[in-house]
Amino acid sequence: MAELPDPVDLAVPAFVALVLAEMIVARVKDRSRYCPRDTLTSLLLGFGSTVAGVLSAGMVFALATWVHQFRLFDIGYAWYWFVLAFVLDDLAYYAFHRSAHRVRWFWASHVIHHSSQHYNLSTALRQTWTGFFSLAFLFRLPLFLIGFPPAMIFFVAGLNLVYQFWIHTEVIGRMPRWFEAVMNTPSHHRVHHATNARYLDRNYAGVFIVWDRLFGTFEGERDDDRPRYGIVHNLPDFSVLRAAFHEWWGIAKDVWHAPDWRARLGYMFGPPGWSHDGSRDTSESIKTRWKVRQERRGEAWKKPTSSLSAQEAEAAPPPAA
Amino acid sequence: MNWALAAGSLVAVLMLAGIAWALRLGESGRIADAAQAIRLAEEGLAGFEASDAVVCADGGGAVVFGSHGTVALIRPSGARFIVREVRRPQWQASDAGLRIESGDPIPVLLTLNPADAQGVGQRLDAVADIGVNMDRG
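First to last, the protein sequences are chains A and G.
Counting from 36, one number per residue, gives the positions in the first sequence under my numbering.
Counting from 11, one number per residue, gives the positions in the second sequence under my numbering.
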């Protein structure tokens, strides 16, 4: 079996240096881009995630190796297999990531990454502690069944994670058009982290934004709707433990109080915000309310009467290009 | 990951957090005025339509009154804000101002004079009663 390095371990010094550089930029341009307590929480969550990953790595690797014995093809370590593995692993990441936003069980693990109201390089390191428990590794099993060696997949998955680090920043505006068309970029990923109704549940890509364009989940960043970061119900404090476990606790409470089994399953595997009596907000209900309001404001904006206030006129959407 | 890398990462975490403090990043958020409070409430709560807002003088808290008896409570959290929609919140007026329970471990505190605090509290109850009557149709 090939011995491949862990790209994330190798990248740690660069992570530290780039966070430091971004802090200095923030000091000069906009001090609110960073908040020391938020940064400490993000970094401690990143550290805890690494420890949790090490603890579960043996079991995940053993499962991958077991599945690999049923492979359809024998795939070696030639460079082109690495390239194909990288692309297919990114597709598997897209499937995982989309599920992580649409299925509460996976969201409970992934929400940690979205729980900061800041969007900077330290946010990139705010990673899950409960990925193994949520069974996120299942999404990569098809790659082992195809025949990609586990060591190769874990290597390219590490590269994927390293790529995603640099896109968590507001320092970079837009990349060249050709790059924005193919690759995930800071602009695309700002949309993904935003809670604006327009941007909810969009841009799930890891490295290649083409998956979102292909599967209809792409949304471009607009200058007239600047992203606001965090989650729909932002956390009340900077507690590391609350960030790591609050959604699991929420699931446990909901399942305990659910009136029947259908509701219990809904609270575990329905979309985040689902409730048996419809009393909570899902991304769909938020988008629907937002659209109704936009249409109402649009109608008001079109009226050639004096009923339009200056404030409404300012808020009216620009005419379509 | 080996133990040396783990220890190094932990040192780096503490060092970066310390540098963030030393650079005085993330100035404490303050609600500047009623217009900002209304914008925060409408942006943070889907479908919330504000009518007016009360912001305390030090910008440390705000109440935004909305339609249908709903109320948005806002308080700074680091350099950002926490916005919560509540109905008939528990409140307590004192010489220090108005304390309103938002459902979070941290309440919203408005530094107001006792008379204003009492007035805003009573309005919270009145708005909630309007909302109940509207719900009953």
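Glycine included, every Cβ here is placed at the ideal spot set by N, Cα and C.
Just so we're clear, the structure is a prediction, and the values are computed from it rather than from any experiment.
Using C-beta distances below 7 Å, list every residue in its chain close to L170/A, excluding the 5 sequence neighbours before and after it, in chain order.
Locating residue 170/A in the first sequence gives position 135, counting from the first residue. If we look at L170/A and ignore the five residues flanking it on each side, it has no Cβ neighbours.
In three-state DSSP terms, what is G265/A?
On the first sequence, residue 265/A is found 230 positions in, with the first residue counted as 1. Three-state DSSP puts G265/A in coil, outside helix and strand.
Reducing DSSP to helix, strand and coil, say where F180/A ends up.
In the first sequence, counting from the first residue as 1, residue 180/A sits at position 145. The identity of residue 180/A in the sequence shown is Leu, whereas the question assumes Phe. It is helical.
Pull up the CB-CB distance for A232/A and I321/A, whole angstroms please, since I reckon it's below 8 Å.
Here residue 232/A is taken as the residue at index 197 of the first sequence, counted from 1. Here residue 321/A is taken as the residue at index 286 of the first sequence, counted from 1. With 8 Å as the limit, A232/A and I321/A qualify as a contact, their Cβ atoms being about 5 Å apart.
Just checking: is the beta-carbon of L108/G within a distance shorter than 8 Å of some beta-carbon in chain A?
For the purposes of this step, residue 108/G is identified with residue 98 of the second sequence, where counting begins at 1. No, its Cβ sits nowhere closer than 8 Å to a Cβ of chain A.
Which chain A residues are close to P115/G, counting only those with a beta carbon under 8 Å from its beta carbon?
Locating residue 115/G in the second sequence gives position 105, where the first residue counts as 1. Residues of chain A passing the Cβ test: P271, D272.
Counting C-beta neighbours from all protein chains within 10 Å, is the total for Y69/A 16 or more, i.e. buried, or is it exposed?
Numbered from 1 along the first sequence, position 34 holds the residue referred to as residue 69/A. The residue in question, Y69/A, is buried, as its Cβ has 16 or more Cβ neighbours within 10 Å.
Going by the CB atoms, is the gap between S77/A and S144/A shorter than 8 Å?
For this step, residue 144/A is matched to residue 109 along the first sequence. For this step, residue 77/A is matched to residue 42 along the first sequence. No, they are not a contact pair.
Hey, is R299/A's beta-carbon within less than 8 Å of any beta-carbon in chain G?
Sequence index remark: in the first sequence, residue 299/A carries index 264 (1-based). Not an interface residue.
Counting only the same chain and skipping the five closest in sequence on each side, list residues whose C-beta sits under 7 Å from that of G301/A.
The count along the first sequence starts at 1 and reaches residue 301/A at position 266. Same-chain partners within the cutoff: W309, H311.
Start-to-end residues for the beta strand (DSSP E) that takes in Q102/G
On the second sequence, residue 102/G is found 92 positions in, with the first residue counted as 1. Start and end: 101 to 104.
Among I48/G, L33/G, L134/G, G54/G, whose alpha-carbon lies nearest the alpha-carbon of Q100/G?
For this step, residue 100/G is matched to residue 90 along the second sequence. The option with the nearest alpha carbon to Q100/G is L134/G.
Who pairs with E282/A in a beta bridge, going by DSSP?
For the purposes of this step, residue 282/A is identified with residue 247 of the first sequence, where counting begins at 1. Its beta-bridge partners do not exist; DSSP assigns none.
Looking only at C-alpha atoms, which of N219/A, R137/A, Q329/A, V43/A sits nearest to T317/A?
Along the first sequence, read from residue 1 onward, the residue named residue 317/A stands at position 282. For the residues N219/A, R137/A, Q329/A, V43/A, the minimum Cα distance to T317/A belongs to R137/A.
Between the segment 116 to 127 of chain A and the segment 161 to 179 of chain A, can you find at least three pairs of beta-carbon atoms closer than 8 Å?
Under the 8 Å Cβ criterion, the segment 161 to 179 of chain A counts as touching the segment 116 to 127 of chain A, having at least three qualifying pairs.
Give the single residue among R98/G, I116/G, G113/G whose Cα lies nearest to the Cα of G131/G.
Along the second sequence, read from residue 1 onward, the residue named residue 131/G stands at position 121. Here the closest residue by C-alpha is R98/G.
In terms of alpha-carbon separation, which member of S222/A, S134/A, H292/A, V275/A lies closest to R261/A?
By one-based count along the first sequence, residue 261/A stands at place 226. Selected option, being the one with the closest Cα: S222/A.
Between the C-alpha atoms of F75/G and P185/A, what's the straight-line distance to the nearest angstrom?
The residue labelled residue 75/G in the question sits at position 65 within the second sequence. The residue labelled residue 185/A in the question sits at position 150 within the first sequence. Across the structure, F75/G and P185/A are spaced so that their CA atoms are roughly 57 Å apart.
Burial state of H292/A (16 or more Cβ within 10 Å)
Locating residue 292/A in the first sequence gives position 257, where the first residue counts as 1. By the neighbour-count criterion, in which 16 or more other beta carbons inside 10 Å mark a residue as buried, H292/A falls on the exposed side.
Is the number of C-beta pairs between the segment 79 to 94 of chain G and the segment 31 to 51 of chain G that are closer than 8 Å three or more?
These segments touch.
Measuring alpha carbon to alpha carbon, tell me which of D126/G, I41/G, A14/G ends up nearest G107/G.
Locating residue 107/G in the second sequence gives position 97, where the first residue counts as 1. Among D126/G, I41/G, A14/G, the Cα nearest to that of G107/G belongs to D126/G.
Can you pull the chain A residues whose beta carbon is under 9 Å from the beta carbon of R34/G, in chain order?
If you number the second sequence from 1, residue 34/G lands on position 24. Ordered by position in chain A, the residues that pass the 9 Å Cβ test against R34/G are R62, R66, P71.
Among the residues of its own chain, which have a CB less than 8 Å from the CB of N238/A, if the five just before and after it don't count?
Here the question's residue 238/A lines up with position 203 in the first sequence. Cβ neighbours of N238/A beyond the five flanking positions: N219, H223, H224, V226, H227, I244, D247, T252, F253, E254.
Please classify P71/A: is it buried, with 16 or more other beta-carbons within 10 angstroms of its beta-carbon, or exposed?
Translated into positions along the first sequence, residue 71/A becomes position 36. With 16 or more other Cβ atoms within 10 Å, it is buried.
Determine contact between the segment 62 to 72 of chain G and the segment 106 to 120 of chain A, defined as no fewer than three beta-carbon pairs at a distance below 8 Å.
no
Which residue marks the beginning of the beta strand (DSSP E) containing L120/G, and which one marks its end?
Indexing the second sequence from 1 puts residue 120/G at position 110. Element bounds for L120/G: 118 to 120.
Give the residues from the segment 94 to 126 of chain A that approach chain G closer than 8 Å (Cβ to any Cβ), ordered along the chain.
Going along the segment 94 to 126 of chain A in chain order, one finds no residue with a Cβ nearer than 8 Å to chain G.
Residue from A30/G, D43/G, I110/G, I41/G with nearest C-alpha to V63/A
Here residue 63/A refers to the residue found at position 28 of the first sequence. Nearest option by C-alpha distance: A30/G.
Measure the alpha-carbon distance for S274/A versus W283/A and round it to whole angstroms.
Within the first sequence, the letter at position 239 stands for residue 274/A. Within the first sequence, the letter at position 248 stands for residue 283/A. So the two alpha carbons sit approximately 15 Å from each other.
Less than 8 Å between CB atoms is the rule here; does R49/G satisfy it with respect to chain A?
Position 39 of the second sequence, counted from the start, is the residue given in the question as residue 49/G. Taking Cβ atoms only, chain A never reaches closer than 8 Å to R49/G, which makes this a no.
Test item: CB-CB of G241/A and H132/A under 8 Å:
Along the first sequence, read from residue 1 onward, the residue named residue 241/A stands at position 206. Along the first sequence, read from residue 1 onward, the residue named residue 132/A stands at position 97. In contact: G241/A and H132/A (Cβ atoms closer than 8 Å).
Which of helix, strand or coil does DSSP assign to M94/A?
For this step, residue 94/A is matched to residue 59 along the first sequence. DSSP places M94/A in helix when its eight states are reduced to three.
Is the distance from the Cβ of P115/G to the Cβ of P211/A below 8 Å?
Translated into the one-based positions of the second sequence, residue 115/G becomes position 105. Translated into the one-based positions of the first sequence, residue 211/A becomes position 176. No.
Taking the DSSP output, what are the residues bridged to D84/G?
Position 74 of the second sequence, counting from 1, holds the residue named residue 84/G. It is Ile, not Asp, that sits at residue 84/G in the sequence shown. Note: I84/G sits in a beta bridge opposite A72/G, V93/G.
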